[in-house]
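Chemist:
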Amino acid sequence: MKRYEVYKNIRKGAMIWGLPISLFAMMMLLILGSLLIIIFSFSLWVIIGAFLLNGTFYIVLTKIARKAITINIVKVFPKIISNKKENIQYYVDY
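Residue 21 is where the sequence shown starts when you use this note's numbering, and the numbers rise one by one after that.
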């Protein structure tokens, strides 16, 4: 019977095949897409190309996961949301 060891670094992030969950999901989407292409094409070169594309994509994703590249997103929303009007002169409507 095969023994599995306990994954103790869960606070560092869950990893599947050395990839975080989001990158693993991207990898699975690419694999599903390439499987659809392989199913509907009967060319040996397309099959070889799909395998090479999947392999290079996996290598790139593992390098991205190791470097932990973060994408900085510009904040869209203001820090404070208020119903107060900007101009103090028209703050109270009579």
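Just so you know, even glycine gets a beta-carbon here, dropped at the ideal spot from N, CA and C.
Classify L52 as buried or exposed, calling it buried when 16 or more other Cβ atoms lie within 10 Å of its own Cβ.
Modeler: Position 32 of the sequence shown holds residue 52. With fewer than 16 other Cβ atoms within 10 Å, it is exposed.
Chemist: Name the one or two DSSP bridge partners that L39 has.
Modeler: The residue labelled residue 39 in the question sits at position 19 within the sequence shown. Beta-bridge pairing links L39 to I36.
Chemist: Using the Cα positions of S54 and S102, report the straight-line distance between them to the nearest angstrom.
Modeler: What you label residue 54 is simply residue 34 of the sequence shown in a count that begins at 1. What you label residue 102 is simply residue 82 of the sequence shown in a count that begins at 1. So the two alpha carbons sit approximately 49 Å from each other.
Chemist: Would you decide whether L56 is buried or exposed? Buried here means 16 or more other CB atoms lie within 10 Å of its CB.
Modeler: As a first step, residue 56 must be located in the sequence shown, where it is residue number 36. When all chains shown are included, L56 counts as exposed.
Chemist: Between which two residues does the alpha helix (DSSP H) harbouring K87 extend?
Modeler: As a working note, residue 87 is residue 67 in the sequence shown. Start and end: L64 to K87.
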